[in-house]
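Numbering (full-length UniProt numbering), first residue to last: 1 to 141.
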């Protein structure tokens with residue numbers, strides 16, 4: 001009886017995995033997602049630079065250094081972290097697609113959503129609490 005079981009076991013071990021017809025499509029979707037995250041990261045870094053630069057053009061009433069640079073730096077750092085995590089995530093998903101073990105993870109979407117909500121709260125707080133010099137306000141004619 002054990003002899004009859006051996007061929008079945010060896011056949012199940014030697015069977016190649018069926019070819020996934022959507023493999024190429026999955027890889028292309030992974031790459032598009034990666035590029036979308038990279039665009040988001042670039043936009044966040046750019047937004048951080050804009051916040052810092054706007055403080056130069058519209059100095060606050062007080063002569064003390066403002067907190068705008070902190071907000072701009074935070075945006076830039078979150079953008080940089082987005083580049084790092086996106087690149088790591090891309091290669092992990094690529095491996096999972098090749099091994100046909102991919103399962104979507106909700107944690108990155110949740111973490112990034114929380115980070116954006118915190119940054120948006122910081123921008124709103126910054127806009128409404130930093131007094132501007134009335135001479136630097138431009139009014140259209």
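Even for Gly, the Cβ is constructed at its ideal location relative to N, Cα and C.
query                                                                                                          : result
First through last residue of the alpha helix (DSSP H) which encompasses residue 100                           : Careful: residue 100 lies outside any alpha helix (DSSP H) and carries neither H nor E.
contact_flag[the stretch 81-94, the stretch 20-36] where n(CB pairs < 8 Å) is 3 or more                        : yes
Length of the line joining the Cα atoms of residue 100 and residue 39                                          : 28 Å
Buried versus exposed, by CB contacts within 10 Å (16 or more), residue 120                                    : exposed
Assigned secondary structure, residue 138 (DSSP; H/G/I helix, E/B strand, else coil)                           : Low confidence applies to residue 138: its pLDDT is 49, below 50, so where it sits in the model is not reliable, and the reading given next is rough at best. In the structure shown, residue 138 sits in coil (DSSP, three-state: anything other than H, G, I, E or B).
Whole-angstrom distance between residue 93 and residue 74, CA atom to CA atom                                  : 28 Å
Rounded Cβ spacing between residue 97 and residue 27 (contact assumed at less than 8 Å)                        : 6 Å
Exposure of residue 129, with buried meaning 16 or more beta-carbon neighbours within 10 Å                     : exposed
Buried versus exposed call for residue 139 [16 or more other C-beta atoms within 10 Å across all chains shown] : With a pLDDT of 47 at residue 139, under the threshold of 50, the modelled position of that residue is not reliable, and the figure given next carries that caveat. With fewer than 16 other Cβ atoms within 10 Å, it is exposed.
Run of the alpha helix (DSSP H) containing residue 115, from where it starts to where it stops                 : 107-129
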